[in-house]
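Participant: Questions regarding the structure given below will be posed in turn.
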Amino acid sequence: MVLNAIRNRAFWTLDGLKGGIIKRHLNDVRRGVENPNSPESKKVKKRNIKALLKHASSTTPFYRDYEKVDNLEGYPVIRKTVVQDNFEAFKSELYKDAKNFKVSTSGSTGVPFFLFQNKGKRQRNHADVIYFFKQAGFNIGNRLYELEVWRAHNKKNNLKSKLQNVVQFDISRLSDDRILEFINLIKTDSQTEKTLLGFASSYERIAQYLEKNDLQLENLGIVSAIANSEYLNPYTKKTLGKYLNTDILSRYSSEEIGIIAQQTLESPNNFVLNHSSYHIELLNFNYDEPVKPGEFGRIVVTDLFNYAMPIIRYDTGDIAKLGLSSNGAMSFEQIEGRKMDLIYDSSGNIISSFVVYTKFYQYYHLLRQYQFIQQGEKHYEVKLNLQTGNTFQYEQALIEDIKSDFGDDAEITITYVDEIPPLASGKRRKVINNYKTH
1017 MVLNAIRNRA
1027 FWTLDGLKGG
1037 IIKRHLNDVR
1047 RGVENPNSPE
1057 SKKVKKRNIK
1067 ALLKHASSTT
1077 PFYRDYEKVD
1087 NLEGYPVIRK
1097 TVVQDNFEAF
1107 KSELYKDAKN
1117 FKVSTSGSTG
1127 VPFFLFQNKG
1137 KRQRNHADVI
1147 YFFKQAGFNI
1157 GNRLYELEVW
1167 RAHNKKNNLK
1177 SKLQNVVQFD
1187 ISRLSDDRIL
1197 EFINLIKTDS
1207 QTEKTLLGFA
1217 SSYERIAQYL
1227 EKNDLQLENL
1237 GIVSAIANSE
1247 YLNPYTKKTL
1257 GKYLNTDILS
1267 RYSSEEIGII
1277 AQQTLESPNN
1287 FVLNHSSYHI
1297 ELLNFNYDEP
1307 VKPGEFGRIV
1317 VTDLFNYAMP
1327 IIRYDTGDIA
1337 KLGLSSNGAM
1347 SFEQIEGRKM
1357 DLIYDSSGNI
1367 ISSFVVYTKF
1377 YQYYHLLRQY
1387 QFIQQGEKHY
1397 EVKLNLQTGN
1407 TFQYEQALIE
1417 DIKSDFGDDA
1427 EITITYVDEI
1437 PPLASGKRRK
1447 VINNYKTH
């Protein structure tokens, strides 16, 4: 559409008037992500790491003792609690009086966590967003549907939404009527290229509705749908893709850090890592050594551009399976979600959350929501919120299916509930470990 092209041109013209900062960052991101092993990319990455370590060790109290350490491996792996407990010590003395930006997340546990970012970091994040959107077929100026829990603190005003061509669709109560409202909204939208961005759990509810009503939607102009904030299970990826006739891609990011990895149209199953803006490690669960391809490990990220509060070797609390891309670069085959919600069979062996999700696929037509909780060494609770008017006649079959992976001595309790409430962020935890963490 002509208006969308004007929006795109206006954005880059404005950036040019400001010195082309976003454009330069974007070119740097593109080079570093697409050719991470090239001599130029390695040179730039090495320079960025060296500059960050020098800055952190000379301007922040927390890293002061590492002033003579010139390699990342010599720095400690830190967790969210370390930052929270030493918040002031992470602030750079050079940026304390600068105009910084507060970024926050409620976190998967509902515990607030926030950081400050300097202007340069915000600009880099902007370029990251543009690049990874482009890899999902979205261009600046095109229609973007954002499926979120919209409240006063995060909602754009109407003018800004129109200028950016964004539709903010609230998913707080995603009933069948609300889903139908969303479908009709997209069907009546005359714009020919649309992209969706939303919580994976909202996509799952929409997929269930489309499948239940066998609504095959054609010619909607949906280029892709990006799932963020939560684990995108195979059922949702396949089913929603089928009924919307588009690619469903998963993005791994956080408000306090930025986009770390994303599936793309060229890599729809493996996650392409943001090698340019971050140094990403996948470390063993029990010690700080890299895992091998095909193994699961802890995602540890060094933010190369936040100078207001340098974050080095930050354990995100999530786990992934290490893979290699076609150019030999590190990638993620799977991202499992939060490490603290790893679950175990009755013998103490780690069970992938993917195994849990597969137990419920055949019952989706009966369920609104479900939740799997490990309450003890051998005790597991399954919460089911049934579709209106349905009864669940498959208790024993479900219990036996769970035991086939969790052990014959596993104790399974089925609990029926009217609602499984989301966290303050709007996310829903499908798998919870109340017994122990790794």
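Take 1017 as the starting number for the sequence shown in my numbering and just add one per residue.
Just so you know, even glycine gets a beta-carbon here, dropped at the ideal spot from N, CA and C.
(1) What are the partner residues of residue 1105, as DSSP defines its beta bridges?
(2) Could you name the residues that DSSP lists as bridge partners for residue 1463?
(3) Per DSSP, what kind of secondary structure is residue 1197 in: helix, strand or coil?
(4) Given this structure, state the Cα-to-Cα distance separating residue 1256 from residue 1086, to the nearest angstrom.
(5) Who are the near neighbours of residue 1141 in its chain, counting only those whose CB is closer than 7 Å to its CB and skipping five residues on each side?
(6) Here's a check: name, in chain order, each residue in its chain whose Cβ is nearer than 7 Å to the Cβ of residue 1207, leaving out the five neighbours to either side.
(7) Is there a Cβ of chain D sitting closer than 8 Å to that of residue 1302, yes or no?
(8) Which residue marks the beginning of the beta strand (DSSP E) containing residue 1130, and which one marks its end?
(9) Would residue 1060 and residue 1144 qualify as a contact pair, given that the criterion is a beta-carbon distance under 8 Å?
(10) Would you mind stating whether residue 1184 and residue 1164 have Cβ atoms separated by less than 8 Å?
(11) Is residue 1026 helix, strand or coil when you go by DSSP?
(12) Taking the continuous beta strand (DSSP E) assigned at residue 1345, which residues delimit it?
(13) Taking the C-alpha atoms as reference points, what is the distance between residue 1374 and residue 1110?
(14) Going by the CB atoms, is the gap between residue 1117 and residue 1325 shorter than 8 Å?
(15) Given a cut-off of 8 Å, decide if residue 1240 and residue 1205 are closer than it, judged by their beta-carbon atoms.
(16) Would you report the Cα separation of residue 1203 and residue 1396, rounded to the nearest angstrom?
(17) Which same chain residues end up closer than 8 Å to residue 1372 when comparing Cβ atoms and leaving out the 5 residues on each side of it in sequence?
(18) Please go through the stretch 1193–1269 and give each complete beta strand (DSSP E) segment of 3 or more residues, from N-terminal end onward.
(19) Please list the terminal residues of the continuous beta strand (DSSP E) segment that includes residue 1313.
(20) Taking just the CA atoms, how far does residue 1129 sit from residue 1096?
(21) Whose CA, out of 1267, 1224, 1272 and 1134, lies closest to the CA of residue 1259?
(22) From which residue to which residue does the beta strand (DSSP E) around residue 1045 run?
(23) Can you check DSSP and say which residues form a bridge with residue 968?
(24) Does the Cβ of residue 1407 have 16 or more other Cβ atoms within 10 Å, making it buried, or fewer, making it exposed?
Facilitator: The answer reads as follows:
(1) Looking up residue 1105 in the sequence shown gives position 89. Looking at the DSSP assignment, residue 1105 forms no beta bridge with any residue, so it has no partner.
(2) Lying before the first or after the last residue shown, residue 1463 is absent from the chain, which here runs from 1017 to 1454.
(3) Here residue 1197 refers to the residue found at position 181 of the sequence shown. In this structure, residue 1197 counts as helix in the three-state DSSP scheme.
(4) As a working mapping, residue 1256 is identified with position 240 in the sequence shown. As a working mapping, residue 1086 is identified with position 70 in the sequence shown. Near 48 Å, if we compare the C-alpha coordinates of residue 1086 and residue 1256.
(5) On the sequence shown, residue 1141 is found 125 positions in, with the first residue counted as 1. Hits under 7 Å: 1274.
(6) Within the sequence shown, residue 1207 is the residue found at index 191, counting from 1. So the qualifying residues of the chain are 1017, 1159 and 1237.
(7) The structure shown has no chain D; it contains just one protein chain.
(8) As a first step, residue 1130 is located in the sequence shown; it is residue number 114 there, counting from the start. Counting along the chain, the beta strand (DSSP E) containing residue 1130 begins and ends at 1129–1133.
(9) The sequence position of residue 1060 within the sequence shown is 44, counting from 1. The sequence position of residue 1144 within the sequence shown is 128, counting from 1. No. Outside cutoff.
(10) As a first step, residue 1184 is located in the sequence shown; it is residue number 168 there, counting from the start. As a first step, residue 1164 is located in the sequence shown; it is residue number 148 there, counting from the start. Contact: yes.
(11) Residue mapping note: residue 1026 aligns to position 10 of the sequence shown, counting from 1. Looking at residue 1026 - three-state DSSP - the assignment turns out to be helix.
(12) What you label residue 1345 is simply residue 329 of the sequence shown in a count that begins at 1. Looking at the DSSP string, residue 1345 is not in any beta strand (DSSP E), and its letter there is neither H nor E.
(13) Your numbering for residue 1374 matches position 358 in the sequence shown. Your numbering for residue 1110 matches position 94 in the sequence shown. Going by the C-alpha atoms only, they are around 51 Å apart.
(14) Sequence index remark: in the sequence shown, residue 1325 carries index 309 (1-based). Sequence index remark: in the sequence shown, residue 1117 carries index 101 (1-based). Cβ distance not < 8 Å, so residue 1325 and residue 1117 don't count as in contact.
(15) The residue given as residue 1205 occupies position 189 in the sequence shown. The residue given as residue 1240 occupies position 224 in the sequence shown. Not a contact, by the Cβ cut-off of 8 Å.
(16) Sequence index remark: in the sequence shown, residue 1203 carries index 187 (1-based). Sequence index remark: in the sequence shown, residue 1396 carries index 380 (1-based). Those two C-alpha atoms are separated by around 42 Å.
(17) By 1-based counting over the sequence shown, the position of residue 1372 is 356. Around residue 1372: 1359, 1388, 1446 and 1447.
(18) 1210–1215 and 1238–1244
(19) In the sequence shown, counting from the first residue as 1, residue 1313 sits at position 297. 1312–1319 is the span of the beta strand (DSSP E), which, as asked, contains residue 1313.
(20) Start at 1 with the first residue of the sequence shown, and residue 1096 comes out as number 80. Start at 1 with the first residue of the sequence shown, and residue 1129 comes out as number 113. Distance between the alpha carbons of residue 1096 and residue 1129 is about 8 Å.
(21) The residue you call residue 1259 lines up with position 243 of the sequence shown. In this structure, 1224 is the residue among 1267, 1224, 1272 and 1134 with its C-alpha nearest to the C-alpha of residue 1259.
(22) Residue mapping note: residue 1045 aligns to position 29 of the sequence shown, counting from 1. Element bounds for residue 1045: not the beta strand (DSSP E) but the alpha helix (DSSP H), 1037–1050.
(23) In the structure displayed, the chain extends from 1017 to 1454; residue 968 sits before or after that span and is not available.
(24) By 1-based counting over the sequence shown, the position of residue 1407 is 391. It counts as exposed.
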